[in-house]
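Trainee:
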Amino acid sequence: MKIGVLGVQGDVREHVEALHKLGVETLIVKLPEQLDMVDGLILPGGESTTMIRILKEMDMDEKLVERINNGLPVFATCAGVILLAKRIENYSQEKLGVLDITVERNAYGRQVESFETFVEIPAVGKDPFRAIFIRAPRIVETGKNVEILATYDYDPVLVKEGNILACTFHPELTDDLRLHRYFLEMVK
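Residue numbers (the working numbering): 351 to 538.
1) Relative to the C-alpha of VAL474, which candidate in ARG485, ILE482, GLN359, LEU515 has its C-alpha closest?
2) Quick check on GLY447: buried or exposed, where buried means 16 or more other Cβ atoms within 10 Å of its Cβ?
3) Could you tell me the distance, in whole angstroms, from the CA atom of VAL358 to the CA atom of VAL509?
4) Tell me, please, whether the segment 493 to 508 touches the segment 410 to 421 by the rule of three or more beta-carbon pairs shorter than 8 Å.
5) Are GLY354 and MET401 close, meaning C-beta to C-beta below 8 Å?
6) If you follow the alpha helix (DSSP H) that GLU502 is in, where does it begin and where does it stop?
7) For ILE432, count neighbouring C-beta atoms within 10 Å of its own C-beta (all shown protein chains included) and say buried if the count is 16 or more, exposed if not.
8) How would you write the range of the alpha helix (DSSP H) that VAL379 sits in, first residue to last?
9) Under 8 Å between C-beta atoms, does VAL474 make it to chain D?
10) On the CB-based measure, 16 or more other CB atoms within 10 Å of its CB, does HIS365 come out buried or exposed?
11) Roughly how far, in whole angstroms, is the beta-carbon of GLN443 from the beta-carbon of THR399, given that I think they are within contact range, below 8 Å?
12) With DSSP collapsed to three states, give me the class of PRO506.
13) Tell whether a beta-carbon distance below 8 Å holds between LEU449 and GLU367.
14) To which residues of the same chain is GLU375 closer than 6 Å at the C-beta, ignoring the five residues directly before and after it?
15) Among the candidates PHE479, ARG528, ARG485, ALA500, whose CA atom is the shortest distance from the CA of ARG460?
16) For VAL379, which option in PHE468, ARG363, GLY373 has the closest C-alpha, if you only look at C-alpha atoms?
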């Protein structure tokens, strides 16, 4: 099994390190043709407008949508969730539009208002998961086929729709590998 981490911008290294701790072969994906070399893909946190601009400049956006629509398992964190969302509230931004959710960008405030909390994620175990929110999006609406796996303050923060797992916080910034392990089970 080989897992790609989209390497155009953001928390690439942190995801690669988490995967290496789990003994998984990784590929930092920087070219459209590399999307065919991976069994699953992580879209890291970063800056979503920069990420989509780079994807378009590299002609990778359409290939990525095609691969996701054909079943490529994807794990998106923070800005990656914004990229995948079908709708972005109160903001005009290009996106991939493959996940049936509406998001609000930077909903929890600016960088200085970032915070940590614990969330319950029954799908990965009974112990609370340390969730780090940094300029995180808020999922304000989910489609009928979107499964909510975790919430914070009544808002979904971890959702799954088919082959897509989307997390508004940053699990790669913790030592807890349960969400990465959960994603690997989706890939198998």
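Cβ coordinates follow ideal geometry from the N, Cα and C atoms, glycine included.
These numbers come from a predicted model, not from an experiment.
Mentor: In short:
1) The residue you call residue 474 lines up with position 124 of the sequence shown. Residue LEU515 is the option with its Cα nearest to VAL474.
2) As a position in the sequence shown, residue 447 is number 97, starting the count at 1. GLY447 comes out exposed.
3) Looking up residue 358 in the sequence shown gives position 8. Looking up residue 509 in the sequence shown gives position 159. When the Cα atoms are used, VAL358 and VAL509 turn out to be separated by approximately 24 Å.
4) No: the two stretches stay apart, fewer than three of their Cβ pairs being nearer than 8 Å.
5) Counted from its first residue, the sequence shown places residue 354 at position 4. Counted from its first residue, the sequence shown places residue 401 at position 51. Contact annotation: GLY354 and MET401 have beta-carbon atoms that are not nearer than 8 Å.
6) The residue labelled residue 502 in the question sits at position 152 within the sequence shown. Note on identity: in this sequence residue 502 is Tyr, with Glu being the wrong assignment. Here TYR502 belongs to no alpha helix (DSSP H); instead the beta strand (DSSP E) covers 497 to 502.
7) Counted from its first residue, the sequence shown places residue 432 at position 82. So ILE432 counts as buried.
8) Taking the sequence shown and counting its residues from 1, the one referred to as residue 379 is at position 29. Per DSSP, VAL379 is not a residue of any alpha helix (DSSP H); the beta strand (DSSP E) it occupies stretches across 375 to 379.
9) Of the protein chains in the structure, only one exists, and it is not chain D.
10) Position 15 of the sequence shown, counting from 1, holds the residue named residue 365. Buried, because 16 or more other Cβ atoms sit within 10 Å of the Cβ of HIS365.
11) Locating residue 443 in the sequence shown gives position 93, where the first residue counts as 1. Locating residue 399 in the sequence shown gives position 49, where the first residue counts as 1. With a contact defined as Cβ atoms closer than 8 Å, GLN443 and THR399 qualify at about 6 Å.
12) Along the sequence shown, one-based indexing puts residue 506 at 156. Here PRO506 sits in strand by DSSP.
13) Counting from 1 along the sequence shown, the entry for residue 449 is found at position 99. Counting from 1 along the sequence shown, the entry for residue 367 is found at position 17. Not in contact: LEU449 and GLU367 (Cβ atoms no closer than 8 Å).
14) Here residue 375 corresponds to residue number 25 of the sequence shown, with the count starting at 1. Taken in chain order, the residues that qualify are LYS352.
15) For the purposes of this step, residue 460 is identified with residue 110 of the sequence shown, where counting begins at 1. Closest option to ARG460, Cα to Cα, is ARG485.
16) Along the sequence shown, read from residue 1 onward, the residue named residue 379 stands at position 29. Closest in alpha carbon position to VAL379, among PHE468, ARG363, GLY373, is ARG363.
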